[in-house]
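Its first residue numbered 40, the sequence shown is counted upward by one per residue in my numbering.
Report on the structure given below.
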Amino acid sequence: MIKSLEFGRDDSWEGVVIDKSRGMLDGSNMYHFVEVRLADDEPVKVRIDRRLWKSIAVGDRVVKRPGADPAKG
40 MIKSLEFGRD
50 DSWEGVVIDK
60 SRGMLDGSNM
70 YHFVEVRLAD
80 DEPVKVRIDR
90 RLWKSIAVGD
100 RVVKRPGADP
110 AKG
């Protein structure tokens, strides 16, 4: 089962992208998501910005450091 998480600004994690998706959840704004397999082998779905979403592909590593936005790693 995949958890959908809203990580805080001070959280940190890293993992490998296993899926990408996007959708208009509220009917007017496009939201971009990636499903990431974390180091503990747990898949999570996280929201990311459009620029990062367009620059990554399945199999890429994504890193989130405390105080920073997720980035391609």
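Positions of the beta carbon are idealized from the N, C-alpha and C atoms, including for glycine.
Should residue i be labelled buried (16 or more other beta-carbon atoms within 10 Å of its own) or exposed?
i	result
Lys-93	exposed
Lys-103	buried
Val-101	buried
Gly-66	exposed
Looking at the structure shown, is residue i part of a helix, part of a strand, or coil, going by DSSP?
i	result
Leu-77	strand
Ser-60	strand
Leu-104	Leu is not the amino acid found at residue 104; the sequence shown has Arg there. Coil at Arg-104, not helix or strand.
Arg-89	helix
In whole angstroms, give me the CA-to-CA distance for residue i and residue j.
i	j	result
Arg-61	Arg-48	22 angstroms
Pro-105	Lys-59	23 angstroms
Phe-72	Gly-54	14 angstroms
Trp-52	Ala-107	11 angstroms
Ile-87	Ala-78	19 angstroms
Give every residue of the same chain whose Cβ lies closer than 8 angstroms to the Cβ of residue i, excluding the five residues on either side of it in the sequence, and list them in chain order.
i	result
Val-97	Val-56, Ile-57, Asp-58, Lys-59
Ile-95	Val-56, Lys-59, Val-73, Val-101, Lys-111
Got a sec? Which residues, its chain only, sit under 6 angstroms from residue i by beta carbon, not counting five neighbours each side?
i	result
Arg-76	Gly-54, Val-55, Ile-57, Pro-82
Suppose the cutoff is 7 angstroms on Cβ atoms and the five residues either side in sequence are ignored; what does the same chain contact list for residue i look like?
i	result
Arg-89	His-71
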